[in-house]
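When we follow the numbering used here, the leftmost residue of the sequence shown carries the number 485, and every step to the right adds one.
From the three backbone atoms N, C-alpha and C, an ideal C-beta is built for every residue, glycine too.
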Amino acid sequence: MSPGPAGTAASAARVAAAQERFRATVETLGEAGLSEPSALPGWTRGHVCAHLARNADGLRNLLSWAETGTPRPMYAGADSRAADIERDAPRPAAVHLADLERSGDEFLAHARRLEPVAWSAEVVLRNGDRVPAHRLLGHRLREVLIHHVDLRAGFTPADWPAEDARLLLESLAGDWSRRSDCPPLELHAEDTGDRFTAGAGAGTSVRVTGAAHELAAWLAGRSGGRGPRCSSGPLPVLPAWL
């Protein structure tokens with residue numbers, strides 16, 4: 485899901501569109517709706533909104549690192565990140581919407597003014613991975629796409645734009661390709677023709693087919709096992725993605 489330094493403008497446009505769709509869904513929920521459970525255990529929809537806003541701020545910290553060369557962590561720490569989400573989750577709908585707009589717009593504004601050379605600078609994600617800064621737009625896109633589904637407000641993986649779904653599948657396959665607890669997989673996206681491999685575990689490779697959005701949702705743990713098909717029986721049971 486990395487555009488390379490030359491493709492950042494198109495990636496920023498995809499992120500902007502995804503953020504706008506997310507906010508449009510949140511606008512329909514109202515106060516009562518935001519307090520209802522999300523698809524994530526222990527989190528309300530308000531928690532999802534708070535997390536997505538703080539994620540934009542965290543990724544903007546990494547853009548600052550790439551721009552200045554001065555290390556700046558995505559978050560102050562795991563405990564403070566969790567505390568911020570808990571603090572912000574019960575806020576009124578209007579405050580959530582304003583925060584989502586501000587944080588998302590500021591992330592994109594920072595990205596759009598970044599000098600080309602800065603996109604090649606390495607930064608460190610929350611999980612410790614070192615990545616070039618141009619991958620941050622892809623990380624933001626997948627956060628917005630996946631957590632839009634987590635709202636449980638009528639938006640499903642089938643609603644992901646086709647190119648977004650393809651990019652998300654590519655990104656998730658890359659994640660799983662490094663996982664020794666995942667069986668070897670051959671992923672065939674029937675609608676796009678894309679083929680990816682994933683899983684670094686032992687055993688015979690298993691072929692899984694479906695539309696790009698179905699495969700991506702399955703890899704992200706957002707499909708309930710529905711959609712993709714396995715060539716040799718039931719779909720493999722994957723460990724938790726994150």
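Can you tell me where the beta strand (DSSP E) with residue 663 in it begins and where it stops?
The sequence position of residue 663 within the sequence shown is 179, counting from 1. Per DSSP, residue 663 belongs to no beta strand (DSSP E) and is neither H nor E.
Can you tell me the Cβ-Cβ gap for residue 672 and residue 691, rounded? I've got them flagged as a contact below 8 Å.
The sequence position of residue 672 within the sequence shown is 188, counting from 1. The sequence position of residue 691 within the sequence shown is 207, counting from 1. Confirmed, about 7 Å.
Which one of 720, 708, 655, 658 has the shortest CA to CA distance from residue 687?
In the sequence shown, counting from the first residue as 1, residue 687 sits at position 203. Among 720, 708, 655, 658, the Cα nearest to that of residue 687 is on 720.
Count the other C-beta atoms from every protein chain shown that fall within 10 angstroms of the C-beta of residue 726, then say buried if there are 16 or more, exposed otherwise.
As a position in the sequence shown, residue 726 is number 242, starting the count at 1. Classification of residue 726: exposed, given that the 10 Å Cβ count is below 16.
How is residue 464 classed by DSSP in three states: helix, strand or coil?
Given that the chain is displayed from residue 485 to residue 726, the structure contains no residue 464 and the question cannot be resolved.
Below 8 Å on the Cβ atoms is my contact criterion, and I expect residue 510 with residue 625 to pass it. Report the Cβ-Cβ distance as a whole number of Å.
By one-based count along the sequence shown, residue 510 stands at place 26. By one-based count along the sequence shown, residue 625 stands at place 141. No, residue 510 and residue 625 are not in contact; Cβ-Cβ is about 18 Å, not under 8 Å.
Considering only C-alpha positions, which residue in the set 559, 501, 515, 536 is nearest to residue 546?
Stepping through the sequence shown from its first residue, residue 546 is reached at position 62. The shortest C-alpha separation from residue 546 is found at 559.
Name the two residues that bound the continuous beta strand (DSSP E) containing residue 693.
By 1-based counting over the sequence shown, the position of residue 693 is 209. Taken as a continuous stretch (DSSP letters only), the beta strand (DSSP E) holding residue 693 covers 690 to 694.
Can you list, in chain order, the residues of its chain with a C-beta nearer than 6 Å to that of residue 631? Leave out the 5 residues immediately preceding and following it.
Taking the sequence shown and counting its residues from 1, one reaches residue 631 at position 147. Around residue 631: 532, 536.
Whether residue 614 touches residue 606 by CB criterion (7 Å)
Your numbering for residue 614 matches position 130 in the sequence shown. Your numbering for residue 606 matches position 122 in the sequence shown. In contact: residue 614 and residue 606 (Cβ atoms closer than 7 Å).
Three-way DSSP call (helix, strand, coil) for residue 673 in this model:
What you label residue 673 is simply residue 189 of the sequence shown in a count that begins at 1. The answer is strand: DSSP assigns residue 673 an E or B state.
Thinking C-beta only, is residue 523 closer than 7 Å to residue 659?
Translated into the one-based positions of the sequence shown, residue 659 becomes position 175. Translated into the one-based positions of the sequence shown, residue 523 becomes position 39. In this structure, residue 523 does not lie closer than 7 Å to residue 659 by Cβ.
In its own chain, which residues sit with a C-beta less than 8 Å from the C-beta of residue 609, not counting the 5 before and 5 after it?
Numbered from its first residue, the sequence shown carries residue 609 at position 125. Cβ neighbours of residue 609 beyond the five flanking positions: 546, 558, 615, 623.
Taking residue 716 as the reference, give the member of 669, 500, 516, 637 with the closest Cα.
The residue given as residue 716 occupies position 232 in the sequence shown. Residue 669 is the option with its Cα nearest to residue 716.
Measure the beta-carbon distance from residue 694 to residue 663 and round it to whole angstroms, keeping in mind my assumption that it falls under 8 Å.
In the sequence shown, the residue the question calls residue 694 occupies position 210. In the sequence shown, the residue the question calls residue 663 occupies position 179. Actually they are not in contact, since the Cβ atoms of residue 694 and residue 663 sit about 20 Å apart, beyond 8 Å.
On the DSSP bridge assignment, give the partners of residue 528 in chain order.
Here the question's residue 528 lines up with position 44 in the sequence shown. For residue 528, which the question treats as bridged, DSSP gives the partners 521.
Helix, strand or coil at residue 606 [DSSP, three-state]:
Your numbering for residue 606 matches position 122 in the sequence shown. Note: residue 606 maps to strand in three-state DSSP.
Using three-state DSSP, classify residue 721 as helix, strand or coil.
Position 237 of the sequence shown, counted from the start, is the residue given in the question as residue 721. Coil, per DSSP.
Residue 641 to residue 520 span [Cα, whole Å]:
Numbered from 1 along the sequence shown, position 157 holds the residue referred to as residue 641. Numbered from 1 along the sequence shown, position 36 holds the residue referred to as residue 520. Distance between the alpha carbons of residue 641 and residue 520: 20 Å.
Can you tell me where the beta strand (DSSP E) with residue 601 in it begins and where it stops?
On the sequence shown, residue 601 is found 117 positions in, with the first residue counted as 1. Taken as a continuous stretch (DSSP letters only), residue 601 belongs to no beta strand (DSSP E), as it is neither H nor E.
Put residue 706 into one of helix, strand or coil per three-state DSSP.
Walking along the sequence shown from the start, residue 706 turns up at place 222. In this structure, residue 706 counts as coil in the three-state DSSP scheme.
Once you ignore the five residues that flank residue 731 on each side, which residues in its own chain have a CB closer than 7 Å to its CB?
Nothing can be reported for residue 731: it is not among the residues displayed for the chain, which extend from 485 to 726.
Mark residue 587 as exposed unless 16 or more other C-beta atoms lie within 10 angstroms of its C-beta, in which case mark it buried.
Numbered from its first residue, the sequence shown carries residue 587 at position 103. Residue 587 is buried by the Cβ-count criterion.
Boundaries (first-last residue) of the beta strand (DSSP E) holding residue 619
Locating residue 619 in the sequence shown gives position 135, counting from the first residue. Residue 619 -> no beta strand (DSSP E), and no H or E assigned at all.
Identity of the residue in 628, 696, 681 nearest residue 538 by Cα
The sequence position of residue 538 within the sequence shown is 54, counting from 1. The shortest C-alpha separation from residue 538 is found at 628.
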